[in-house]
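> Read in order, the letters of the sequence shown correspond to residues 1 to 131 in this note's numbering.
Can you read through this structure? Questions will come right after.
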Amino acid sequence: MRSIFNYFLKSHSFESNLESFRARTLLLFVLIGLALLTVFIVRTAVSGNLSSLYLQFVHLSIILLSLFLIKKGYYKWVGNILSVFIVLVEGSSALFNYAGAESYNFFLDEFYLLLAFLLFTAMFASRTVLI
1 MRSIFNYFLK SHSFESNLES FRARTLLLFV LIGLALLTVF IVRTAVSGNL SSLYLQFVHL
61 SIILLSLFLI KKGYYKWVGN ILSVFIVLVE GSSALFNYAG AESYNFFLDE FYLLLAFLLF
121 TAMFASRTVL I
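Now the structure itself:
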C-alpha cells in the first residue's frame with residue numbers, strides 16, 4: 001500500500017502535514033471507490049442488468065480521471081470535483097430512481113448516503129465549493 005501512495009504522491013511537495021494527510025486520505029478514498037466500483041461493474045455484467053452499466057462507466061471514468069489528476073499534483077481540484085460530482089449524482093438519483101410501492105425506503109437510503117457524501121465534501125472540498 002505504501003508503494004501505491006509513493007507512486008501517486010512522492011513527487012509532490014506539501015505545504016503542511018495536514019495537506020499531506022488530506023491528499024493521502026483522498027487517494028485512499030479514490031482507490032477504495034475504484035475497487036468497489038469494479039466489483040459493482042462485474043456484478044452488473046454477470047447479472048445481465050445492463051441498464052445501469054452506463055452510469056457505472058461514467059463513475060469509473062471520473063475515478064480514473066481523479067487518479068490521473070492526483071498523480072499530476074492537482075489533489076485540491078480532485079477534492080472539489082469529486083465533492084460536487086458525488087452530491088449532484090446522488091441528488092439526481094433520488095429524483096429519478098424512486099419508483100416502487102415502498103419508495104420511502106429508497107429516500108431514507110439516499111438520505112444517509114447524502115449525509116456521508118456531505119461529510120466527504122467537508123473533508124476535501126475548498127471553502128468556495130462548500131459555500
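Glycine included, every Cβ here is placed at the ideal spot set by N, Cα and C.
Predicted, not measured: the structure shown is a model, and the values here were computed from it.
#1: Answer yes if the region 66-84 comes into contact with the region 25-44, meaning at least three C-beta pairs across the two stretches below 8 Å, and no otherwise.
#2: Determine, using beta carbons only, whether residue 90 and residue 120 come nearer to each other than 8 Å.
#3: If we count the other Cβ atoms within 10 Å of its Cβ and call it buried at 16 or more, is residue 78 buried or exposed?
#4: Select from 88, 9, 45 and 47 the residue whose C-alpha is nearest the C-alpha of residue 75.
#5: Could you give the first and the last residue of the continuous alpha helix (DSSP H) run that contains residue 47?
Short version:
#1: yes
#2: no
#3: buried
#4: 9
#5: 17-47
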